[in-house]
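In my numbering, the protein residues as written are 108 to 256.
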């Protein structure tokens, strides 16, 4: 197992993982070249879980607000092919959050049809709110969060 930052040679596999995990996500249903362009233009850190040269998980780490001793983070596009790989990736992402400041808050916005909601709750994330018609009309998204001190 290797959790590391995404590299150019990962993009093809990253696209396939994102397309399969987010089957209704507007960005990830575009053409492969458009998704690769999207990935390469992101300013945040993109972590991947590389298992024997196969990308089995990813998460984009976004610092929303950094006040020195307290930081607010957004984990975006958190995708994984099984719970063990997801847990390894989430553990490393959370380690980076804790190393950044004394206290921190992590939030994710999860569409109602995404596979990760129960998994995140099992990892200590709490449902903090609902957003109606957020990504698509008629769909509810949930804000989940976890605090670190």
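Beta carbons: idealized from backbone N, C-alpha and C, even for Gly.
Confirm, please, whether the CB-CB distance from residue j to residue i is below 8 Å.
i: residue 164; j: residue 196; result: yes
i: residue 212; j: residue 254; result: yes
i: residue 125; j: residue 177; result: no
i: residue 235; j: residue 251; result: yes
i: residue 216; j: residue 238; result: yes
i: residue 172; j: residue 179; result: yes
i: residue 218; j: residue 174; result: no
So for residue i, helix, strand or coil by DSSP?
i: residue 200; result: helix
i: residue 222; result: coil
i: residue 130; result: coil
i: residue 234; result: strand
i: residue 51; result: What the structure shows of the chain is the stretch from 108 to 256, and residue 51 is not part of that stretch, so it cannot be assessed.
Judging by CA-CA distance, which residue of the options is the nearest neighbour of residue i?
i: residue 130; options: 181, 209, 190 and 222; result: 222
i: residue 123; options: 200, 201 and 186; result: 186
i: residue 181; options: 168, 239 and 174; result: 168
i: residue 111; options: 119, 139 and 166; result: 166
i: residue 261; options: 151, 155, 132 and 109; result: With the chain running from 108 to 256 in the structure shown, residue 261 is simply not present.
i: residue 147; options: 241, 240, 127 and 113; result: 113
i: residue 201; options: 227, 188 and 220; result: 227
Can you round the beta-carbon distance between residue i and residue j to whole angstroms, since I take them to be within the 8 Å contact cut?
i: residue 145; j: residue 162; result: About 16 Å; that fails the 8 Å criterion.
Secondary structure, beta strand (DSSP E): runs of 3+ residues fully inside the region 137-220: Counting only runs of at least 3 residues, the region 137-220 fully encloses the following beta strand (DSSP E) elements, listed from N- to C-terminal order: 152-158, 161-173, 177-187 and 210-218.
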